[in-house]
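S.K.:
Residue numbers (mature numbering (1 follows the signal peptide of the UniProt record, and there is no 0)): -25 to -1, 1 to 496.
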């Protein structure tokens, strides 16, 4: 799927923008489809066109029969196509993320007969009105496809016995161009200070590129405020340029992007800012683009030639993989907050259930922001007591039955703590105590922590007579392996979160005066 489609899918799925103004309540459920226009390049790559369905007057959570058809018509003569259902499937997340191979899925509810796809499945909606991606039409030009080929595609959608909604789209073959994102260096700035980044793009083809679109994937907390009228601001910053990019020339933003971290950011915090480019026609394929974010009001942002340099046919990029560039932004300075591991000493009975809440306390200075800086997730290693069993915690992954790695999921300022809830059952009167271990600095790929802040996690059973045994085997390996495991867990847990996720499964912040269980350092 192209960069443009991914941006639109993520943005619109998250904010659920309506495709049409609110209409008067109907007596039956309605479904209105819309298929994005597709612009291909001769010999170019496959493109994905999102098939959106806008539903209205639906009974929430009730099973609904949804029927969708796509009639390719003359487009079948110069394209190879497939229709992939996205209803009741997590496949959309994988497609949007660019995962090349999705897990096995049930047989497709879509059947092709001649030039027509027909899909039918049962689904449900959590609101009377919604916007959903029902399917993705995958389109690739045949070897015989040539510039100027164009055909109308008709789509329909129907919920139950409701009216049939119909719309049309276009599949066209344009001129191939190759936009290449200019690489940006690693940048560093002290907390609260700004640093300049100048995205650039090269037209690496023999054809003038008649306009481009820039996508900047950066948390709004990192971007210094701007308001360019040719840019839209939301989950991503999107700027469109009418500039004609001459063949073989490189162009850069006339004004740099300014990145800055919050003033109380922990030194060493690091994140990535991604920018990508698309042709003007690829952006215009997605007419939903004008529903993403808020347009700026100031003077427009412009492009300027970097080195010493003509209505045109539609254009499509022949090599989308080089349209992206990544800037690593690191917060300069030294120093790390004083952290404390939170453990507990509980008393219970064999067979009883209880909750263990290991975690960490931040004594400052500095605020950890895992939703902004990936390495602020700061994984906490938790080895449960040997005499309990647990199904784990929502923010933790396990490498064995009793060792978990828990990732901080929300901002944690000075005087605040975060804990991870483990529902556990006491299975024995005796057993080695567990341990909570917190890294002593930000985790990086090349950092093997030598010291950690630790606390004990134990459950005792009244009346049980226990004999201490020598620590051997897997438990002796805890000290040697915990440091490396913390590094690995940090990378794994980072992949489990979406960008700028604000789910706060790590529990409640409190003041510095709040009582702590088993605080140790």
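The beta-carbon is built from N, C-alpha and C at its ideal position, and this holds for glycine as well.
Here the structure is a predicted model, which means the values were calculated and not measured.
Sort 152, 137, 136, 130 by Cα distance to residue 143 and report the nearest one.
M.R.: Checked all of 152, 137, 136, 130; the closest Cα to residue 143 is 130.
S.K.: Whole angstroms is fine: what's the gap from residue 276's alpha carbon to residue 230's?
M.R.: Answer to the nearest angstrom: the Cα atoms are 7 Å apart.
S.K.: The alpha helix (DSSP H) spanning residue 374 covers which residue range?
M.R.: Element bounds for residue 374: n/a, residue is neither H nor E.
S.K.: According to DSSP, is residue 179 helix, strand or coil?
M.R.: DSSP places residue 179 in coil when its eight states are reduced to three.
S.K.: Can you list, in chain order, the residues of its chain whose CB lies under 6 Å from that of residue 107, leaving out five sequence neighbours each side?
M.R.: Hits under 6 Å: 28.
S.K.: Since residue 260 is in the alpha helix (DSSP H), which residue starts that stretch and which ends it?
M.R.: Where residue 260 is concerned, the enclosing alpha helix (DSSP H) stretches over 255 to 260.
S.K.: Tell me, please, which residues DSSP counts as bridged to residue 53.
M.R.: Partner(s): none; residue 53 has no beta bridge.
S.K.: Indicate the three-state DSSP secondary structure (helix, strand or coil) for residue 517 in the structure shown.
M.R.: This structure leaves residue 517 out entirely; the chain is present only between -25 and 496.
S.K.: I need the boundaries of the beta strand (DSSP E) containing residue 190, first residue and last residue.
M.R.: From DSSP, the beta strand (DSSP E) with residue 190 extends over 184 to 192.
S.K.: Are the region 302 to 318 and the region 369 to 386 touching by the rule of at least three beta carbon pairs closer than 8 Å?
M.R.: Verdict: no, contact absent.
S.K.: Using the three-state DSSP reduction, which class does residue 48 fall into: helix, strand or coil?
M.R.: DSSP places residue 48 in helix when its eight states are reduced to three.
S.K.: Count the other CB atoms, across all protein chains shown, that sit within 10 Å of the CB of residue 340; report buried if there are 16 or more and exposed otherwise.
M.R.: Exposed is the call here.
S.K.: Do you know whose CA, among 172, 187, 16, lies nearest residue 219's CA?
M.R.: The option with the nearest alpha carbon to residue 219 is 187.
S.K.: Sorted by chain position, which residues of the same chain lie with C-beta nearer than 6 Å to residue 9's C-beta, five sequence neighbours on each side aside?
M.R.: Hits under 6 Å: 27, 142.
S.K.: Please classify residue 117: does DSSP put it in a helix, a strand, or coil?
M.R.: Correct three-state label for residue 117: coil.
S.K.: With the cut-off set at 9 Å, would you say residue 242 and residue 308 are in Cβ contact?
M.R.: Yes, the pair counts as a contact, with Cβ atoms nearer than the cut-off.
S.K.: Is there a Cβ of chain B sitting closer than 9 Å to that of residue 127, yes or no?
M.R.: Among the protein chains of the structure shown there is no chain B, as only one such chain exists.
S.K.: Rounding to the nearest angstrom, what Cα-Cα distance links residue 31 and residue 4 in this structure?
M.R.: Taking the straight line from one Cα to the other gives about 6 Å.
S.K.: Going by CA-CA distance only, name the one from 387, 273, 49, 403 that's closest to residue 324.
M.R.: Residue 324 has its Cα closest to that of 403, out of 387, 273, 49, 403.
S.K.: So, is residue 101 buried or exposed, given that buried needs 16 or more other C-beta atoms within 10 angstroms?
M.R.: When all chains shown are included, residue 101 counts as exposed.
S.K.: Can you tell me whether residue 296 is helix, strand or coil according to DSSP?
M.R.: In the structure shown, residue 296 sits in a helix (DSSP, three-state: H, G or I).
S.K.: Give the C-beta separation of residue 234 and residue 182 to the nearest angstrom, bearing in mind that I take them to be a contact with Cβ-Cβ under 8 Å.
M.R.: Rounded, the Cβ-Cβ distance is 33 Å, inconsistent with contact.
S.K.: Select from 240, 41, 406, 49 the residue whose C-alpha is nearest the C-alpha of residue 60.
M.R.: Looking at the Cα atoms, 41 is the closest of the given residues.
S.K.: Just to confirm, are residue 56 and residue 257 a CB contact at a threshold of 9 Å?
M.R.: Going by C-beta atoms, residue 56 is not nearer than 9 Å to residue 257.
S.K.: Does DSSP put residue 245 in a helix, in a strand, or in coil?
M.R.: Residue state, collapsed to three classes: strand.
S.K.: Count the other CB atoms within 10 Å of the CB of residue 2; is the residue buried (16 or more) or exposed (fewer)?
M.R.: Answer is exposed; the Cβ neighbour count stays below 16.
S.K.: How would you label residue 185, buried or exposed, when you count the other beta carbons within 10 angstroms and need 16 or more for buried?
M.R.: It counts as buried.
S.K.: On the three-pair Cβ rule with 8 Å, is the region 201 to 214 touching the region 152 to 168?
M.R.: Verdict: no, contact absent.
S.K.: Going straight from the alpha carbon of residue 429 to that of residue 312, what length do you get?
M.R.: Spanning the two alpha carbons is a distance of roughly 15 Å.
S.K.: Quick one: grab the DSSP three-state call for residue 351.
M.R.: Here residue 351 sits in helix by DSSP.
S.K.: Enumerate in chain order the residues of its own chain whose CB-to-CB distance from residue 396 is below 7 Å, with the five nearest sequence positions on each side excluded.
M.R.: Answer for residue 396: 330, 332, 368, 482, listed in chain order.
S.K.: Assuming residue 321 is part of the beta strand (DSSP E), what are its boundary residues?
M.R.: Run containing residue 321: 319 to 323, per the beta strand (DSSP E) assignment.
S.K.: Does DSSP put residue 99 in a helix, in a strand, or in coil?
M.R.: Coil.
S.K.: Considering just the uninterrupted stretch of the beta strand (DSSP E) at residue 212, what are its terminal residues?
M.R.: Residues 212 to 220.
S.K.: With distance defined between alpha-carbon atoms, name the residue in 151, 410, 415 nearest to residue 434.
M.R.: Residue 410 is the option with its Cα nearest to residue 434.
S.K.: Given this structure, state the Cα-to-Cα distance separating residue 253 from residue 154, to the nearest angstrom.
M.R.: About 7 Å.
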